[in-house]
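2 protein chains.
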Amino acid sequence: MNVPQRYDELKTRLAEIHDLSKVTSLLSWDQAVTMPPGGAPARAEQMATVGRLAHELFTSPEIGRMLDDLAAYEQSLPYESDGASLIRATRYDYDRATKVPTELRGEMTRVASLARNAWAAARANSDFAAFKPFLQQTIDLKKRYVDCYAPTGDPYDVLLDEFERGMKSAEVRRIFSELKQAIVPLIAAVAERGEAVDDGCLHGDFPIDRQRDVCLAILRRFGYTDGEWRFDPTAHPFASNTSLGDIRLTTRYYADNLAPSLFGSMHECGHGLYEHGISPSLERTPLCRGTSLGVHESQSRMWENLVGRGRAAWRFFLPELKKAFPQLGQVDLETFYRAINKVQPGLIRVEADELTYGLHVVLRFELEQEMLSGTLALDDLPEAWNARMKSYLGVDVPDAARGVLQDVHWSLGYVGYFPTYVIGSIVSAQIWEKAVAAMPDLERQFEQGEFLPLREWLRENLHRHGRKFTPKETLQKVTGSDAVQVGPYVKYLTAKFTEIYGLS
Amino acid sequence: MNVPQRYDELKTRLAEIHDLSKVTSLLSWDQAVTMPPGGAPARAEQMATVGRLAHELFTSPEIGRMLDDLAAYEQSLPYESDGASLIRATRYDYDRATKVPTELRGEMTRVASLARNAWAAARANSDFAAFKPFLQQTIDLKKRYVDCYAPTGDPYDVLLDEFERGMKSAEVRRIFSELKQAIVPLIAAVAERGEAVDDGCLHGDFPIDRQRDVCLAILRRFGYTDGEWRFDPTAHPFASNTSLGDIRLTTRYYADNLAPSLFGSMHECGHGLYEHGISPSLERTPLCRGTSLGVHESQSRMWENLVGRGRAAWRFFLPELKKAFPQLGQVDLETFYRAINKVQPGLIRVEADELTYGLHVVLRFELEQEMLSGTLALDDLPEAWNARMKSYLGVDVPDAARGVLQDVHWSLGYVGYFPTYVIGSIVSAQIWEKAVAAMPDLERQFEQGEFLPLREWLRENLHRHGRKFTPKETLQKVTGSDAVQVGPYVKYLTAKFTEIYGLS
């Protein structure tokens, strides 16, 4: 079958919509990185206008007719082809986008905007009661949103699907339950060892311009180039891009703490490498991004933790780091390795170490489900939060600001988002196992400062596909199984922290 | 009459279109200032998509119907009201935008894109013949474009109108002829004085970071604030904004020459102050920009030349400058003032001094008219250029790169644009006369570092109107006459350079 004109029409329309989504990325990046604060009110209007136009273009009945007309053409193409994948993914997106009435979408945007401001004020005053009505509205709107879709038995499935297509609540429950079972005792055992690890070497006087130089030197080893990347400071780090040739990382510096910029920039670089590695044949299509938040997070976590908090990488980077910061001259590799892997159960998710991080997310996932199903009344939410923090991590929550109000997500209507963080960590270990099996001398390469072989392997086996396949199909391609499996992750964490903390 | 719903509908639609135009500004700014080069191909697509959507939204017949429906409402409002001005300006824009067939617009865009590349290559090789066919196509398209509008007796009027609404070729001819008559002998007299002025103090070793600090200190005196402005380095300086609260200036630094960054940043600041001073009631409307290129340039030239190259400002700034650059310690105000006003007839327009600049533009205006009317064949263009450079400025043009190929404008299809540069200079002197009359102690204020009174006067009398009124109406408001008058400008130049060069 020749390429029908309808296909070119669809591609042209989708390319325009993709352009608008990248314009939105730039508007956000600019607001976070370069815009003077006085630009904020107009910027909100600009983002709303571009978003609305993109939504209108995409949900127009003409797109639906094109998809109908192209059904036969899609069938004639190999499943794995760019063309079949484009039509397939667009049909999925179109069905989702057109199921939610414009009125409900507008209401969600309106409430999110109000709730975002209410949350910021409530957090500043540590006043959960002030945020509660907005959270209630958000939950109520989520229920109406769920009702737009065919019932799956578990309303939370619909929310999950938005961030991690195809993932089911039951599967997350099983995965997280396994994880909890393994990690809670491990954390307790580590806690018993008390101050066995000293991270004093990471605290001190670290001028920010030299931190930047060190981060950039590391990023360049990972694949960063001046011709196609940027690296800027910001308040809340993120990775963004306007095209495959324009990848933008951000990080946050503390003049008295080396860790956040080092591992934060590696983390964002993992996101950037994923997007940068997508096949150029997918540029200006809706396939030109990572397949899901979870798989995306597998890449950021891999570069941050499996590579970045590993011994091998630091055998190469530590001497470089010492050149920038002579006060580290006497710190040996073992001391440094232990310092960057120190476990310290704490109150704040975004400050959590690699081992305890997962439980912050498990807790949020459990509470989200209970709020949605109604088994947990919002009045009881703070207490439920605090009780679980004590039970999972052994910490006492002193106030709502450092407890239930710490994250922005719910105020924005992001319910079902948190699980993807830990799915990413779990998947990173699955992929890592395959990478190590394929390249047994990976760690020896790292010791030489050679990280590009890993990056090339990831590009070939994962990155280049972009969003051609579902998360599960993608996982199948890279690991040989479409199931998220906790085993490798638990094995990795157990081995690592048993050794560092001298557990039996 | 109550505000009809139609008016709100029109405002909403225009606000969206305005958002898109500001998004385009950001896409351009980002490309020039922050984007890594790898983003260029996709950026071109993004700009084209946003531009096309804005054009489609604006030229939709629905806008025409709204304007028709609002005719009575417009009549019911005072001419000077925001509402009447908005409807009036939109009708003018709509009539212009819908007169040009989509096919011709597309062809113009296509040829401009090809011609832009051909020009860059031709300039690099100083090969006019290579650019000639593209220039011919551009001129031919301009003729077709002119034919879309009602005949005015002079086809060039239509082109002028695009950049300087209401300006007629005959008027520009008269103005430029007067200017030429006054300036050519003045330049000749200055040239006879030979090396009477030494600008050696501006050349030397001026570290760029300190140049930046000095420029920023000056800009702050003019009204720049961190909360609403940015100031960045770039290759081809410009001013831009994404809203009234986000004004962005750029400049170019030479480590061995102080003048370009100093006066370039003052120039762009003049543009920025104009846009920043527009009434907030006009935000998100098509009235929220300067009324024309010429009036815009009057503001940049005023801050660059009348303020920035004046004695009074440097009585305040020179001591500051000496702190940053101790090598200037022995340079007295008079020496510095003469240095920054040195006249040196040269080949390149963008490097020209205040006195000779105008003739570069007069020459281009004359050639554009002759090309359009056909009295000058393109084969003869380089020779005509060179002959006039000799006659007006006394310089010999060695090659096309430093002659007829030096500017990008014609390749982009900007014919009728050049005159606005000099109209701006002329108008700046007209406005300056009024400002000095209204604030007789203006120069004394400058000597104290007080520039905000001038800025406030400009805001009140000019900036706040934005594009509510035509250029001529605007000129009437600020100077009491709607005519561009060469007198004040010639008087200013003559007095200034007669004194500096000790002419009789």
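Which chain is which? The protein sequence lines are A and B, in order.
Numbering-wise (the numbering used here), the first sequence opens with residue 54 and increments by one.
Numbering-wise (the numbering used here), the second sequence opens with residue 54 and increments by one.
Built from N, CA and C at the ideal position, the CB exists for glycine as well.
Bear in mind that the values here come from a model prediction, so they are computed numbers and not experimental data.
Coil, strand or helix - residue i by DSSP
i	result
A:His-108	helix
B:Asn-170	helix
B:His-289	coil
A:Thr-303	strand
B:Asn-439	helix
A:Ser-557	coil
B:Ser-296	strand
B:Phe-522	coil
B:Phe-389	helix
Chain A within 8 Å of residue i, Cβ atoms only
i	result
B:Lys-75	yes
B:Ser-353	no
B:Leu-80	yes
B:Pro-90	yes
B:Ser-296	yes
B:Pro-94	yes
B:Gly-159	no
B:Arg-305	no
B:Arg-520	no
B:Thr-87	yes
B:Arg-15	This structure gives no information on residue 15 of chain B, because the portion of chain B shown stretches from 54 to 557.
B:Asp-299	yes
Min CB distance residue i to chain B below 8 Å
i	result
A:Asp-61	no
A:Asp-83	yes
A:Ala-292	no
A:Asp-148	no
A:Glu-69	yes
A:Asp-279	yes
Inter-residue Cα distance where the pair is residue i and residue j
i	j	result
A:Asn-55	A:Leu-123	12 Å
B:Val-475	A:Glu-115	50 Å
B:Pro-154	B:Phe-184	27 Å
B:Tyr-352	A:Glu-328	Sequence inspection shows Gln at residue 352 of chain B; the Tyr mentioned does not correspond to that position. About 44 Å.
B:Asp-61	A:Asp-210	42 Å
B:Leu-505	A:Ala-101	35 Å
B:Ser-230	B:Trp-463	23 Å
B:Arg-512	B:Ile-479	19 Å
A:Glu-133	A:Leu-272	32 Å
B:Val-396	B:Ala-182	33 Å
A:Phe-378	A:Ala-366	18 Å
A:Lys-64	A:Leu-335	11 Å
A:Thr-473	A:Ser-222	12 Å
A:Lys-544	A:Ala-241	17 Å
B:Glu-423	B:His-413	16 Å
B:Ile-70	B:Arg-301	21 Å
Cβ pair residue i, residue j closer than 8 Å
i	j	result
A:Leu-139	A:Thr-428	no
A:Asp-207	A:Asp-258	no
B:Arg-226	B:Leu-458	no
B:Pro-94	A:Glu-281	no
A:Thr-303	A:Phe-316	no
A:Arg-218	A:Ser-345	yes
B:Ser-534	B:Met-355	no
A:Gln-99	A:Leu-80	yes
A:Pro-286	A:Tyr-307	no
B:Leu-188	B:Tyr-147	no
B:Leu-546	B:Ile-236	yes
B:Lys-578	B:Leu-340	Only positions 54 to 557 of chain B appear in this structure, which leaves residue 578 of chain B out of reach.
B:Val-537	B:Glu-224	yes
B:Asn-439	B:Glu-407	no
Counting only Cβ-Cβ distances shorter than 7 Å, please list the residues of the stretch 98 to 117 of chain B near chain A, keeping chain order. Glu-98, Gln-99, Thr-102, Val-103, Leu-106
What residues from the stretch 324 to 339 of chain A come within 9 Å of chain B, judged by C-beta to C-beta, listed N to C? Glu-336, Arg-337
Can you list, in chain order, the residues of the stretch 254 to 270 of chain A whose Cβ is nearer than 7 Å to any Cβ on chain B? none
Anything in the stretch 406 to 423 of chain B with a Cβ closer than 8 Å to a Cβ of chain A? List those residues in chain order, please. none
Taking any Cβ of chain A, which residues in the stretch 119 to 147 of chain B have a Cβ under 9 Å from it, in chain order? none
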